[in-house]
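Structure record follows, encoded as C-alpha cells.
Below is the structure:
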C-alpha cells in the first residue's frame, strides 16, 4: 500500500509540472513550420515559427480546415519546442478573423506586432487590451469587428489604414504617442460616440472619421498639420468642431453632411477652401477671412439654414478653372445676404463667379 501511495504521488507531481505549452501537432509547408500547442486544459493555440527564437500566432485553420478560435484564448509569452524557447512576438495575418463564437483574447507583454486583418470580422469579441510592447498594427486589423472598447498601447506612432473601419467601436482613447491617424482608420464606426485625440497629432488623413454618425464632439489639437478630405463627412451628430489655428487649406468635404454643426470659425491663416467643404452643414452664418484667395465648387451647397455670409476679401476669391458650372450656394434657400467690403460691392456683383448672387451682395454693415 505504501508503494502504491508513493507511485500515485509521483504521477501527480509529474502531471503538475508547468511545461508552459505541450506540443500537439506540427506541420511543414513551403519551408515553414507550424505548431499547434495546448496551452491549458481546453485551449490550443497555433503558431508559425519565424526563426530559431520567435513565433507568431496564426489561425487554427492551418491545422483544422474551417476552424476558428473560440472561448478564452490565453496566448503564452513563450513556449518550448524541440529544445528551443520561442518568444511570441506577433499576432499573424487573419489569426482571429471571422471568429463567430464568443471570444476573449489575452495578449501577453512581449508581442510587438498585430498584423493585417488579425481581428477583422470577429462577431463576438467585445473588448481587447493591447500591451505596451506592441509598436506596430497592420491595416484593417479590427475592421468590421464586434469590438466595442479597446485599450491601445502607448507605444504606437500610427493608426493604420482602415484600422477600425465599419467596426462596432463605441469609445477609444488614442494614446499620446500617436502622431498619424491614417486613411479611413475609423470610417463607418457609426456607434463611436467619443474620441480623445492626442495633443501632438500631426496628421488626420482622408476619411478618417467619415460616416461616424453618433460622434458628438472631437478635440482637434493645434499641432495638426494635415486634416484630410472628407475627414468628418456625414458625422451628422457632430456639434462642436474647430480648425487648428495654423490651417492654410480646408480640404474637400471635410465637414460635408455634418448637419448638427451650427457654427464654423475659419482661421485667418486659411488661403483656400476646397470643394464641398461645408456642404450640408447646419451653419446659419459664416465669416470668410480676407486671407482666403480660393473657394472651390459647392463650398456651401445644401446649407439650408445659412442666412448670411461675410466675405472680408477685397478681391473676390477665385474658383476652379474647369468645365464644371461654378456654384457656391446651391439650395441655400434661406440665404439673405452676402456681405463684402463696401469698396468691393460692384466688383463682386460683376465678377463672373459671383454675378449670379448680385441681388444678395451688400456692403459689410
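Residue numbers (the numbering used here): 1 to 365. In this text, a Cβ means the ideal position worked out from N, Cα and C, and glycines have one as well. None of these values were measured; they are calculated from a predicted model.
Do residue j and residue i have their beta-carbon atoms positioned less than 8 angstroms apart in this structure?
i: residue 157; j: residue 130; result: no
i: residue 304; j: residue 334; result: yes
i: residue 208; j: residue 241; result: no
i: residue 174; j: residue 137; result: no
i: residue 221; j: residue 200; result: yes
i: residue 58; j: residue 48; result: yes
i: residue 150; j: residue 127; result: yes
Leaving out the 5 sequence neighbours to the left and right, which residues in its chain are closer than 6 angstroms to residue i when beta-carbon positions are compared?
i: residue 301; result: 279 and 330
i: residue 106; result: 74
i: residue 203; result: 180 and 226
i: residue 108; result: 75 and 77
i: residue 164; result: 142, 186 and 189
i: residue 293; result: 271 and 317
i: residue 6; result: Caution is warranted here: a pLDDT of 40 is assigned to residue 6, below 50, making its placement in the model unreliable, and the coordinate value is therefore given only provisionally. Closer than 6 angstroms at the Cβ level, and outside the excluded window around residue 6, lies no residue.
i: residue 354; result: 316 and 348
Whose C-beta lies closer than 8 angstroms to the C-beta of residue i among residues of the same chain, with five residues either side of it excluded?
i: residue 363; result: 339, 340, 341, 342 and 345
i: residue 87; result: 53, 54, 55, 77, 78 and 110
i: residue 18; result: With a pLDDT of 38 at residue 18, under the threshold of 50, the modelled position of this residue cannot be trusted; read the value that follows with caution. Around residue 18: no qualifying Cβ.
i: residue 218; result: 195, 197, 209, 232, 238, 240 and 241
Would you mind giving the Cβ-Cβ distance between residue i and residue j, rounded to the nearest angstrom? I have them listed as a contact below 8 angstroms.
i: residue 269; j: residue 291; result: 6 angstroms
i: residue 266; j: residue 289; result: 6 angstroms
i: residue 135; j: residue 96; result: Actually they are not in contact, since the Cβ atoms of residue 135 and residue 96 sit about 20 angstroms apart, beyond 8 angstroms.
i: residue 262; j: residue 282; result: 5 angstroms
i: residue 360; j: residue 328; result: At roughly 11 angstroms, the Cβ-Cβ gap does not stay under 8 angstroms, so residue 360 and residue 328 are not in contact.
Using the beta-carbon count (16 or more within 10 Å), is residue i buried or exposed?
i: residue 178; result: buried
i: residue 198; result: buried
i: residue 69; result: buried
i: residue 365; result: exposed
i: residue 92; result: buried
i: residue 8; result: Legend: pLDDT at residue 8 = 39, less than 50; position of this residue unreliable, value from coordinates given subsequently. Classification for residue 8: exposed.
i: residue 234; result: buried
i: residue 357; result: buried
i: residue 273; result: buried
i: residue 44; result: buried
What are the start and end residues of the beta strand (DSSP E) that includes residue i?
i: residue 369; result: The requested residue 369 does not occur in the structure, where the chain is confined to residues 1 to 365.
i: residue 44; result: 44-49
i: residue 156; result: Counting along the chain, residue 156 falls outside any beta strand (DSSP E), and DSSP gives it neither H nor E.
i: residue 127; result: 127-129
i: residue 55; result: 54-58
i: residue 363; result: 361-363
i: residue 74; result: 71-74
i: residue 149; result: 149-151
i: residue 196; result: 194-196
i: residue 87; result: 84-91
i: residue 337; result: 337-340
i: residue 103; result: 103-106
i: residue 172; result: 171-173
If you follow the alpha helix (DSSP H) that residue i is in, where does it begin and where does it stop?
i: residue 348; result: 345-350
Once you ignore the five residues that flank residue i on each side, which residues in its own chain have a CB closer than 7 angstroms to its CB?
i: residue 212; result: 186, 189, 190, 192 and 235
i: residue 148; result: 126, 127, 168, 169 and 170
Can residue i be considered in contact with the ligand MN, in the sense that its beta carbon sits closer than 7 angstroms to one or more heavy atoms?
i: residue 355; result: The ligand MN is absent from the structure shown, which contains no ligand whatsoever.
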